[in-house]
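Reviewing the structure listed below.
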Amino acid sequence: MSANQLRLCHRDDIPEGAARGFLPLPDAPRNVIVVNRGGQLHAYMDSCPHYRGGTPMAWRKDAYLDSEGAHLACHAHGALFDIETGACVSGPCLGRKLTRVPLSEAPDGSISVPAQVAGRAARES
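No gaps in the numbering here: position 77 of the sequence shown is 77 in full-length UniProt numbering, and each next residue is one more.
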């Protein structure tokens, strides 16, 4: 892994149909949400766009999906987001999107994000 990448987790840490939050650095104020849907990993900053500066979306650790597991959900505002695109499909932030985070996967299954994600997390808090 290069110096400009931060390791988040291993692919096996996110089971199919699940979403988990990972801090890009131990002192980062925001998680990166990683969702495994159909074997594809999608990642977004844990920051609902309803309010300026964003709001954390989970009501408890790793509770990022709605009850059906079909959408990412902001449990503070009731907003629902498309897992593949991050677009708000229901709730007070229609027309907005979650901030996508690019992922890299190493041959050993390690998942990493660009180092600047830790800086973005600080700016969005």
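C-beta atoms are modelled at their ideal positions from N, C-alpha and C, and glycine is treated no differently. Computed from a prediction, not measured in an experiment: that's the story for all the values here.
Whole-number beta carbon distance between residue j and residue i, since they are thought to touch under 8 Å
{"i": "Q5", "j": "P102", "result": "About 10 Å separates the two Cβ atoms, so there is no contact after all."}
{"i": "N36", "j": "E68", "result": "Actually they do not touch by this definition, with Cβ atoms about 16 Å apart."}
{"i": "A106", "j": "S90", "result": "Contact flag wrong, Cβ pair sits at about 36 Å."}
Where residue i sits in the DSSP three-state scheme
{"i": "R11", "result": "helix"}
{"i": "A73", "result": "strand"}
{"i": "A121", "result": "Low confidence applies here, because A121 scores a pLDDT of 49, under 50, leaving its location unreliable; read the following figure in that light. It is helical."}
Status (buried if at least 16 other CB within 10 Å, exposed otherwise) for residue i
{"i": "A118", "result": "buried"}
{"i": "H42", "result": "buried"}
{"i": "G54", "result": "buried"}
{"i": "Y51", "result": "exposed"}
{"i": "P24", "result": "buried"}
beta-carbon residue i near the ligand PLP non-hydrogen atom, thresh 7 Å
{"i": "T55", "result": "The model on display carries no ligand, and the ligand PLP is accordingly not part of it."}
Identified DSSP bridge partners for residue i
{"i": "L41", "result": "N36"}
{"i": "Q5", "result": "P114"}
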